[in-house]
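Participant: Numbering (this note's numbering), first residue to last: 555 to 651.
Glycine included, each C-beta is placed from N, C-alpha and C at the ideal position.
Pasting a structure here, questions to come.
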């Protein structure tokens with residue numbers, strides 16, 4: 555009979571916190587910038603569809619309505635993201651240290 559061998563855990567290396575935080579901040583900033591630019595593009599697309607519709611250039615009313623609804627949903631989503639971010643910030647500020 556042989557004794558049970560111990561499990562060897564790998565040694566943990568300390569994380570480089572500054573680079574991790576900077577990378578996370580950069581990714582978060584890029585994500586938010588992407589969302590804002592996407593919403594802006596959808597809003598511009600909806601505006602041009604409505605202008606074409608008013609000028610008589612657009613023949614499909616449903617395409618203009620779809621573009622407007624997509625822009626509306628995107629704006630509502632962006633507002634909700636902003637609200638959640640503000641709520642999280644306020645919650646952090648209320649924490650006692």
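(1) Would you call residue 628 buried or exposed, if buried means 16 or more other Cβ atoms sit within 10 Å of its Cβ?
(2) Is the beta carbon of residue 607 less than 8 angstroms from the beta carbon of residue 625?
(3) I need the boundaries of the alpha helix (DSSP H) containing residue 638, first residue and last residue.
(4) Verify the contact flag: residue 615, CB atom, against every heavy atom of the ligand PLP, threshold strictly below 7 angstroms.
(5) Leaving out five residues before and five after residue 599 in sequence, what residues of the same chain have Cβ atoms less than 6 angstroms from its Cβ?
(6) I need the straight-line Cα distance from residue 610 to residue 647, nearest angstrom please.
(7) Determine the burial state of residue 639: buried for a count of at least 16 other Cβ atoms within 10 Å of its Cβ, exposed for fewer.
(8) So, helix, strand or coil for residue 651, using DSSP?
Facilitator: Put simply:
(1) buried
(2) no
(3) 615-648
(4) In the structure on display, the ligand PLP does not appear, and there are no ligands present to speak of.
(5) Taken in chain order, the residues that qualify are 621.
(6) 53 angstroms
(7) By the neighbour-count rule (16 or more Cβ atoms within 10 Å), residue 639 is not buried but exposed.
(8) coil
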